[in-house]
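Novice: Before I ask anything, let me first share the structure, which is written out below as structure tokens.
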Amino acid sequence: MASYRLFFPFLLPISPLLSFPSILHTVVLKVGMSCQGCVGAVKRVLGKMEGVESYDIDLQEQKVTVKGNVQPEAVLQTVSKTGKKTEFWEAEAPAAPETKPAETVSEPAETVAVA
């Protein structure tokens, strides 16, 4: 029965993992979580999501980091299903020093007579 594989090697099954390289993404979200129940809800939906390799949930910072072969929009939508306010984490940019507008004070010019 398996002798046809000797003549037709193209009929061999191809592993899906070998056919397409997986692209790992890191998605960082800000999720409005106030308790361990909220954390549990986020864990539940991420645990069921296909392609998720790992995730980290920081309740204090309200930050969820997801790594895996996932699309960022799909992760956002999945976590949003918990009913928690969810948005992409804004990249931390160095704070630019505030510059105050130059105050223009017009003082009368002194006239000095040189003798």
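Residue numbers for the sequence shown, in mature numbering (1 follows the signal peptide of the UniProt record, and there is no 0): -19 to -1, 1 to 96. From the three backbone atoms N, C-alpha and C, an ideal C-beta is built for every residue, glycine too. Please read these numbers as outputs of a predicted model, since none were measured by experiment.
1) In terms of residues, what are the limits of the beta strand (DSSP E) holding Leu10?
2) State the DSSP-derived secondary structure class of Lys29, mapped to helix, strand or coil.
3) Label Ile38 either buried or exposed according to how many other C-beta atoms from any shown protein chain fall within 10 Å of its C-beta, with 16 as the threshold for buried.
4) Using the three-state DSSP reduction, which class does Thr63 fall into: helix, strand or coil?
5) Confirm, please, whether the CB-CB distance from Leu27 to residue 102 is below 7 Å.
6) Note down, in chain order, each residue of its chain lying with its Cβ closer than 6 Å to the Cβ of Thr7, except the 5 sequence neighbours on either side.
7) Can you give me the C-alpha to C-alpha distance between Pro75 and Lys24, rounded to a whole angstrom?
8) Using only alpha-carbon positions, find the residue among Val9, Gln41, Lys29 that is nearest to Ser15.
9) Is Glu71 helix, strand or coil by DSSP?
10) Would you report the Cα separation of Val60 and Pro53, rounded to the nearest angstrom?
Specialist: With the structure as the only source:
1) Against the sequence shown, residue 10 aligns to sequence position 29. Where Leu10 is concerned, the enclosing beta strand (DSSP E) stretches over 6 to 12.
2) Against the sequence shown, residue 29 aligns to sequence position 48. Reduced to three states, the DSSP call for Lys29 is helix.
3) By 1-based counting over the sequence shown, the position of residue 38 is 57. So Ile38 ends up on the buried side.
4) If you number the sequence shown from 1, residue 63 lands on position 82. Three-state DSSP puts Thr63 in coil, outside helix and strand.
5) Given a span of -19 to 96 for the chain in the structure shown, any question on residue 102 remains unanswerable.
6) Sequence index remark: in the sequence shown, residue 7 carries index 26 (1-based). Excluding positions up to five away in sequence, the list reads Lys48.
7) Along the sequence shown, one-based indexing puts residue 75 at 94. Along the sequence shown, one-based indexing puts residue 24 at 43. Because Pro75 carries a pLDDT of 45, less than 50, the predicted location of this residue cannot be relied on, and the following value inherits that uncertainty. Between Pro75 and Lys24, the C-alpha separation is close to 31 Å.
8) Sequence index remark: in the sequence shown, residue 15 carries index 34 (1-based). Closest option to Ser15, Cα to Cα, is Gln41.
9) On the sequence shown, position 90 is the one that residue 71 refers to. Reduced to three states, the DSSP call for Glu71 is coil.
10) As a position in the sequence shown, residue 60 is number 79, starting the count at 1. As a position in the sequence shown, residue 53 is number 72, starting the count at 1. Between Val60 and Pro53, the C-alpha separation is close to 11 Å.
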